[in-house]
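In my numbering, the protein residues as written are 3 to 404. Glycine included, each C-beta is placed from N, C-alpha and C at the ideal position. No experiment lies behind these values; they were computed from the predicted model shown.
Laid out in structure tokens, this is it:
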């Protein structure tokens with residue numbers, strides 16, 4: 003480490019998520035003082051000159067470089083955030099592991115289960131701790147939901163329903179960026195959105211053992227972007243190009259303990275912006291959560307006074323809420339979830355113990371996607387491959403004090 007209180011941070015890719023990681027690191031001394039760290043933003047890498055300038059002038063990095071290898075080779079960099087597009091994840095993560103650098107990587111961890119396995123194996127061999135961006139886990143309402151499920155308050159879990167509906171690609175005139183290309187993105191909503199929902203389902207209930215799937219591409223062509231157009235929300239007027247991955251997918255799945263589930267996702271839904279929901283039903287009660295109402299959890303328990311769902315507004319005592327707000331009714335936001343994620347990552351590094359969602363968790367989600375894609379090919383149910391390594395979805399919720 004750079005010193006007893008300082009931890010040197012390197013960033014790869016200065017996009018929206020890179021900016022969010024940077025703000026999360028800077029927020030740690032305020033929200034998690036017990037960690038005893040003072041993040042030092044050392045160096046950011048991005049091939050785009052304007053992004054490098056922003057890394058220094060806006061985000062506060064000491065310097066910026068074009069090549070991510072310069073970040074990994076810097077001895078003052080203790081941890082690395084990898085926020086690049088999917089098709090670069092495998093190369094960068096394997097290189098970070100080989101360099102002995104703990105890293106925090108966004109999901110999907112790779113374009114495919116093969117990419118994710120390569121990252122997982124490199125990490126296992128190097129022995130570094132990691133974090134994967136399953137940020138919805140960290141919502142205090144989700145933490146309370148997990149406590150209710152795992153304590154048996156809902157009884158025996160019978161079924162789970164999930165839905166991840168978004169409109170970020172609903173405009174047919176939006177450009178054909180890398181996200182629609184099989185070689186660079188891998189799957190469409192299966193990896194981009196459903197990996198979040200599948201991780202949530204496993205985090206709340208347990209391991210998903212088998213899956214059946216259907217999928218469809220509703221907007222089959224999009225205009226090829228002109229030079230310099232990379233924003234997926236920008237209009238483009240080029241010649242049409244073929245969309246190579248799915249706009250919509252729906253899954254049936256079975257949990258290892260016998261519960262069943264359904265989950266669907268769309269990136270072209272008209273109306274919902276980020277309607278990410280999870281519902282858990284048991285023999286003594288049920289619960290449901292919607293990301294668009296981040297700070298609320300609807301709960302029904304046998305014997306409660308209210309006949310039907312009661313709305314619980316998260317408050318101190320639920321997850322890490324008290325670190326951000328003093329009482330119920332004052333909302334946390336998306337950025338706060340990434341700060342919790344950063345805290346789990348840094349606590350993992352300092353303790354040498356995997357506390358944050360790990361690359362094993364990333365591979366677990368990718369293995370479900372792999373089984374779903376096999377089902378798309380033949381219409382059959384497929385078993386999900388087991389993952390070795392520290393899968394934190396089944397572990398106790400980490401305590402981050404000190």
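If we count Cβ pairs, one from each stretch, closer than 8 Å, do we get three or more for the segment 205 to 214 versus the segment 164 to 184? In short, these stretches do not touch, since the Cβ pair count stays below three.
Nearest to residue 55 (by Cα), restricted to the options 192, 33, 91, 17: Here the closest residue by C-alpha is 17.
Express the C-alpha separation of residue 78 and residue 306 in angstroms, rounding to a whole number. Computed Cα separation, rounded: 55 Å.
What does the Cβ neighbour count give for residue 189, buried or exposed, with the cut at 16 atoms within 10 Å? Flag for residue 189 reads buried.
Start and end of the beta strand (DSSP E) containing residue 383? Boundaries for residue 383: no beta strand (DSSP E) harbours it, and the DSSP string shows neither H nor E there.
Counted within 10 angstroms of its Cβ, other Cβ atoms place residue 177 as buried (16 or more) or exposed: So residue 177 ends up on the buried side.
Using 8 Å as the Cβ pair cut-off and three pairs as the minimum, do the segment 366 to 379 and the segment 115 to 134 touch? Judged by Cβ distances under 8 Å, the segment 366 to 379 makes contact with the segment 115 to 134, as three or more pairs qualify.
Just checking, does the segment 160 to 168 make contact with the segment 261 to 269 on the three C-beta pairs under 8 Å criterion? Verdict: yes, contact present.
Here's the rule: buried if 16 or more other CB atoms are within 10 angstroms of the residue's CB, otherwise exposed. What is residue 13? In the assembly as shown, residue 13 is a buried residue. Its beta-carbon has 16 or more other beta-carbons within 10 Å.
For residue 285, which three-state DSSP category applies? Residue 285 falls in the coil class under three-state DSSP.
Quick check on residue 408: does DSSP put it in helix, strand or coil? Nothing in the structure corresponds to residue 408, since the chain is present only between 3 and 404.
Through-space distance from residue 9 to residue 81, alpha-carbon basis: Taking C-alpha positions only, residue 81 is separated from residue 9 by approximately 8 Å.
Please specify which runs of the alpha helix (DSSP H), each continuous and at least 4 residues long, are wholly inside the segment 168 to 218, giving them in chain order. Counting only runs of at least 4 residues, the segment 168 to 218 fully encloses the following alpha helix (DSSP H) elements, listed from N- to C-terminal order: 184 to 187, 197 to 206.
What residue does the alpha helix (DSSP H) around residue 242 start on, and which one ends it? Note, residue 242: premise wrong, no alpha helix (DSSP H); beta strand (DSSP E) at 242 to 244.
Applying the 10 Å Cβ sphere with the 16-neighbour rule, what's the burial state of residue 193? Residue 193 is buried by the Cβ-count criterion.
Between the C-alpha atoms of residue 321 and residue 335, what's the straight-line distance to the nearest angstrom? Roughly 14 Å separates the two Cα atoms.
Exposure label - residue 392; buried when at least 16 CB within 10 Å: By the neighbour-count criterion, in which a residue is buried when 16 or more other Cβ atoms sit within 10 angstroms of its Cβ, residue 392 is buried.
Could you work out which residue in 261, 222, 199, 224 is closest to residue 212 when comparing CA atoms only? If we check each option's Cα against that of residue 212, 261 comes out closest.
Classify residue 301 as helix, strand or coil using the three-state DSSP reduction. Per DSSP, reduced to three states, the secondary structure at residue 301 is strand.
If you reduce the DSSP assignment to three classes, tell me which class residue 272 lands in. In the structure shown, residue 272 falls within a coil segment according to DSSP collapsed to helix, strand and coil.
According to the neighbour-count rule (16 or more other Cβ atoms, all chains shown, within 10 Å of its Cβ), is residue 109 buried or exposed? Buried, since its Cβ has 16 or more Cβ neighbours within 10 Å.
So, does the segment 344 to 362 touch the segment 24 to 37, judging by three or more C-beta pairs under 8 Å? Contact between the segment 344 to 362 and the segment 24 to 37 is established, with three or more Cβ pairs separated by less than 8 Å.
Do you know offhand how far residue 379's Cα is from residue 362's? Taking the CA atoms as reference points, residue 379 sits about 26 Å from residue 362.
According to the neighbour-count rule (16 or more other Cβ atoms, all chains shown, within 10 Å of its Cβ), is residue 249 buried or exposed? Classification for residue 249: buried.
Between residue 301 and residue 315, is the Cβ-Cβ spacing less than 8 Å? Not closer than 8 Å, so no.
Under a Cβ-count criterion, where at least 16 other Cβ atoms within 10 Å of its own Cβ denotes burial, should residue 275 be classed as buried or exposed? Residue 275 counts as exposed, since fewer than 16 other C-beta atoms from the protein chains shown sit within 10 angstroms of its C-beta.
Length at least 4, wholly inside the segment 9 to 88: the alpha helix (DSSP H) runs in chain order: Those alpha helix (DSSP H) runs which fall completely within the segment 9 to 88 and span 4+ residues are 18 to 33, 51 to 59, 70 to 75.
For residue 293, which residues from the same chain have a beta carbon less than 7 Å from its beta carbon, with the 5 sequence-adjacent residues on both sides left out? Cβ neighbours of residue 293 beyond the five flanking positions: 138, 276, 278.
Which one of 228, 216, 242 has the shortest CA to CA distance from residue 222? Comparing C-alpha distances from residue 222 to each of 228, 216, 242 shows the shortest one belongs to 242.
Identify, in the order they occur along the chain, each residue of the same chain with its Cβ nearer than 7 Å to the Cβ of residue 21, setting aside the five sequence neighbours on each side. Only 61 meet the Cβ criterion.
Between the CA atoms of residue 384 and residue 53 - distance to the nearest angstrom: Pairing residue 53 with residue 384, the inter-Cα distance amounts to about 43 Å.
Comparing C-alpha positions only, which one of 93, 92, 102 sits nearest to residue 351? Looking at 93, 92, 102, the one whose alpha-carbon comes closest to that of residue 351 is 102.
In whole angstroms, what is the alpha-carbon distance linking residue 395 and residue 76? Cα to Cα, residue 395 sits roughly 33 Å from residue 76.
Any chance you could list the alpha helix (DSSP H) runs of at least 4 consecutive residues sitting entirely within the segment 115 to 155, in chain order? Entirely contained in the segment 115 to 155, the alpha helix (DSSP H) runs reaching 4 residues are, in chain order, 115 to 128, 142 to 152.
So residue 313 is in the beta strand (DSSP E); what residue range does that whole segment cover? It spans 312 to 315 - the beta strand (DSSP E) in which residue 313 sits, taken as one unbroken run.
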